[in-house]
Every structure is written in C-alpha cells, then in structure tokens.
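Okay, so here's the structure we're looking at.
Numbering (full-length UniProt numbering), first residue to last: 1 to 270.
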C-alpha cells in the first residue's frame, strides 16, 4: 500500500456517539454505539496502511460534540499519526475567527463545518468570517457535499448555487468537499472544472461504490483533485479501500488519491 492519508476521521467520544441523528448510520453500517478506544483507531489505520489521519472536531447549534481541545490532545500525543481539523460556532463569528487562528497556530491543518448539522448552506453569511480566517491562516475549509446519511435536510449539501457562490466570493479559499456529493455529481464535477481550488474527498464511501463519473475524473483530468477519506468509525479505512484495484487508477493517480493530494492541500510533512 502506498503512503495513505485519511482526510476525514473522527475519534468520537460518547457524547458524539449518543447523538440521535446517528441512528440511520448505525443501522446501515452495524457499527457500535460505544465510542471506539484510541488503540482500535490506530489498529484500523494500520490495517489499511494509513500513515496519517486528519481528526475532525465537531460543533453544532447545540454546542461542541468533539472539542478542538480533545482533538489537539490526541494530535499532540501522536504527532506522527494525527493532525487536527477544527470546528467552530457559526453563531459567534468573532470567537469563531479567534478559534480558527488559535487552532491553526497550534498545528491544526484545516477547518470543518458540516452544513446539515446547522441546516445552513455554505453561502450563508454566518460562514463568511470563517472563510476570511481560513484564507488569512492559509488552511483549507472542509465541508460536506451531497445528501445526508442522518435524518437531516440534504439541501445544504447541494453544490450549486451554494458552494459556487462561495468560490466566486473567495477566489483564494481552498475548499474540500467531503462525502463525494451524490446525487449532484454533475454539479460537483462542474465546480471542480471551474475552480482549481475546489477538491473532493471520498469519505463515507467504499471506493467500489464511488459514482462512475467521479472515478473517470480521478483517472485523468481530476487526478490532483480527489483525495481519500473514510469517515471512520462509520467506515474503516480498510473497508473503504478493499476494492481499490478495481478503480484501475494507474500508479500516479493512485498515489495522488491515497496521499499525495492530501499532503499538498493540507501542507502535511512527507
């Protein structure tokens, strides 16, 4: 296995695992409601050859589910295995900007806000101070695109017009759209064609279930624009990559997908 970076992982606490909106994912994946131990997470990474996992904090309207400090503690304890992706409170823009700066200056490599959790599409004015902070601190803004697994509205994950407007307003902002973007694949690929600073990650999908048009994009003109993610613990990296060979990516596209693109976009050390 090549150098693998998993760009969307969680090390969830029990507070996160007890959220009622996880119920459909638990049903689909048969995952446990018990928060996994760190040792189990590291074992799951090792099984798939994942050298580095980007651990996501989570913040929603009800408060923090996985705090930035929880993520920072894990990344500090295992700096060779983890890097942090912070999250912020959209309803407190001044504190959100300060938190982005604090986290990035302490080693976090990105910012993630999940639109369905807020029921706010990414062109909502409450995101805009966060985008400015991402540009100023030179880190990607990570988000979710496509339908939702949890029982929440999917519309905030539609790429056009929402992300299209953001990318127009912030031409220096690097955006990583996680969870592929299905069923709006034509919109996803049109944005990836239009904006060189827009990327896609495959989290929440086993690679053999990726839409055919995305796989075609990965093989050729989009080989520098798509990166691997698992969405652990909902899906383990090994489960996600089990049928990687069937994608027939070729050596350079495969290496870019598994780790090269992530290392470049998130400025990770080799």
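Even glycine gets a Cβ: it sits at the ideal position worked out from N, Cα and C.
Pairing residue 168 with residue 178, the inter-Cα distance amounts to about 19 Å. Counting C-beta pairs closer than 8 Å gives fewer than three between the stretch 180-190 and the stretch 119-131, which falls short of the contact rule.
Secondary structure in the stretch 161-249: the alpha helix (DSSP H) runs of 4 residues or longer, each lying completely within the stretch, are 164-169, 185-194, 212-219, 237-241 in chain order. The beta carbon of residue 71 sits closer than 6 Å to those of 55, 57, 84, all from its chain and outside the five residues before and after it, given in chain order. Separation of residue 50 and residue 193 (C-alpha to C-alpha, rounded to the nearest whole angstrom) is 29 Å. Taken in chain order, the whole alpha helix (DSSP H) runs of length 4 or more contained in the stretch 99-156 are 115-118, 128-137. Remark: C-beta atoms of residue 158 and residue 121 approach each other more closely than 9 Å. Only residues of its own chain outside the window of five on either side were considered, and among them 123 have a CB closer than 6 Å to the CB of residue 165, listed in chain order. Beyond the five residues adjoining it in sequence on each side, residue 86 comes within less than 6 Å, by CB distance, of 57, 68, 103, 108, 111 in the same chain, given in chain order. In its chain, beyond the 5 residues on either side, 167 have a beta carbon closer than 7 Å to the beta carbon of residue 195.
Per DSSP, residue 252 is one residue of the alpha helix (DSSP H) stretching across 251-255. In the structure shown, residue 64 adopts extended strand secondary structure according to DSSP, grouped into three states.
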